[in-house]
Amino acid sequence: MLAYDLDLAEGCQLPPSYGAFRDDRDSTVCIAVRWGLSEVTPGGTQPPHSVPNISALRTESGTTEFWVRKSTTGDVAQAGWLSADRSSGRIHLGSSLRGALGMFCPLGPLDQMMVMSLLADRQSTLVHAAGVDLGGDGLLFFGSSGAGKSTLAALWRDAQAATILGDERIAVHRSPDSFVISGTPWHSTVQKVSPLEVPLKAMFFLEHASANTADQLSPLQTAVEVHRQTGLPHWDREGVESVTDLIADIAEGIPAWRLGFVPDASALDFVRCLISR
196 MLAYDLDLAE GCQLPPSYGA FRDDRDSTVC IAVRWGLSEV TPGGTQPPHS
246 VPNISALRTE SGTTEFWVRK STTGDVAQAG WLSADRSSGR IHLGSSLRGA
296 LGMFCPLGPL DQMMVMSLLA DRQSTLVHAA GVDLGGDGLL FFGSSGAGKS
346 TLAALWRDAQ AATILGDERI AVHRSPDSFV ISGTPWHSTV QKVSPLEVPL
396 KAMFFLEHAS ANTADQLSPL QTAVEVHRQT GLPHWDREGV ESVTDLIADI
446 AEGIPAWRLG FVPDASALDF VRCLISR
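So for the sequence shown, this note's numbering puts the first residue at 196; every next one is plus one.
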């Protein structure tokens with residue numbers, strides 16, 4: 196289960212979804228959040244992982260540095276550090292973000308990147324999926340934006356048929372017996388999340404269709420599809436290797452289907468039939 200111990204600077208407010216994941220006694224990671232970038236200076240070399248406006252670097256000492264720049268000026272807007280043992284971190288926010296509070300989470304995307312690093316160290320990962328707890332069975336519904344993750348999560352919620360773990364980012368953990376999934380604070384339109392852990396029973400890769408259909412995937416096909424929807428800590432070679440091994444094992448051990456579905460309650464009955472075979 197993902198749990199934060201957050202030391203927030205005055206005036207820094209987080210979305211309500213973070214409330215279920217704050218625990219200062221049994222936390223996954225402790226993060227201090229502070230205003231101001233006057234003491235922050237980006238490294239002088241190009242980091243090994245860099246995408247537009249976001250950079251990350253695993254240093255020789257094992258700590259990880261993160262930088263987020265404004266797309267308009269290139270100035271640093273956020274900076275973060277994660278300790279070598281992944282137990283603590285620090286995020287500095289530019290003063291320009293004060294006026295945007297309430298519009299979005301001021302920690303993003305740095306806290307997600309930090310969590311990607313610490314999960315990789317613990318044989319876990321973040322996936323782009325909706326997750327539900329269906330009577331003790333964990334189900335993952337993968338898909339890119341618009342594929343139907345939030346639609347299906349809303350159907351389960353409205354039918355009061357399952358506990359919604361989240362509709363955007365789900366954590367997958369290796370367990371002694373198999374794998375478990377749990378929610379995260381990061382959601383899309385279904386603003387309902389849960390930190391509960393539940394054993395992973397089945398996975399589905401979504402596409403809209405005129406009828407409910409399913410094609411079971413081979414382990415190789417499953418690994419390819421899961422890889423496409425998984426956040427890899429590309430700044431950390433060992434982390435990438437750990438997550439890649441995890442994906443391969445999940446693909447071998449958990450059944451998966453490509454699911455075409457219609458957006459009504461019949462899709463829920465269809466899924467129930469598939470996992471009961």
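Ideal Cβ positions, reconstructed from N, Cα and C, are used throughout, including at glycine.
What whole-angstrom Cβ distance do Thr379 and Ala366 have, given they're in contact under 8 Å? Between Thr379 and Ala366 a beta carbon distance of about 6 Å is seen, short of the 8 Å cut, so the two are scored as contacting.
Output needed for Gly333: all residues of its chain with C-beta closer than 6 Å, excluding positions within five of it in sequence on either side, in chain order. The residues are Ile376, Val393, Pro394, Leu395, Lys396.
Are the stretch 311–322 and the stretch 431–440 touching by the rule of at least three beta carbon pairs closer than 8 Å? Counting C-beta pairs with one atom in each stretch, the stretch 311–322 and the stretch 431–440 have three or more that are closer than 8 Å, which means they touch.
Leu335 bridges to which residues according to DSSP? For Leu335, which the question treats as bridged, DSSP gives the partners Gly326, Met398.
Run through the DSSP bridge pairs and tell me what Gln273 is partnered with. Beta-bridge pairing links Gln273 to Val263, Leu288.
Return the residue from the list Ala325, Thr346, Gly330, Leu329 that minimises the CA-CA distance to Phe336. Taking only the C-alpha atoms, the option nearest Phe336 is Ala325.
Let me confirm a value: Ser282 is counted as buried when at least 16 other C-beta atoms fall within 10 Å, else exposed. Which label applies? Its Cβ having fewer than 16 others within 10 Å, Ser282 is exposed.
Could you work out which residue in Gln355, Thr268, Leu350, Arg253 is closest to Met308 when comparing CA atoms only? Considering only alpha carbons, the answer is Arg253.
6 Å Cβ shell around Phe400 - same chain, five flanking residues per side excluded: Phe337, Glu420, Arg453.
Mind checking Ala354: buried by the 16 CB within 10 Å criterion, or exposed? Exposed is the call here.
What residue range does the beta strand (DSSP E) around Ala443 cover? Premise fails: Ala443 lies in the alpha helix (DSSP H), 432–448, not in any beta strand (DSSP E).
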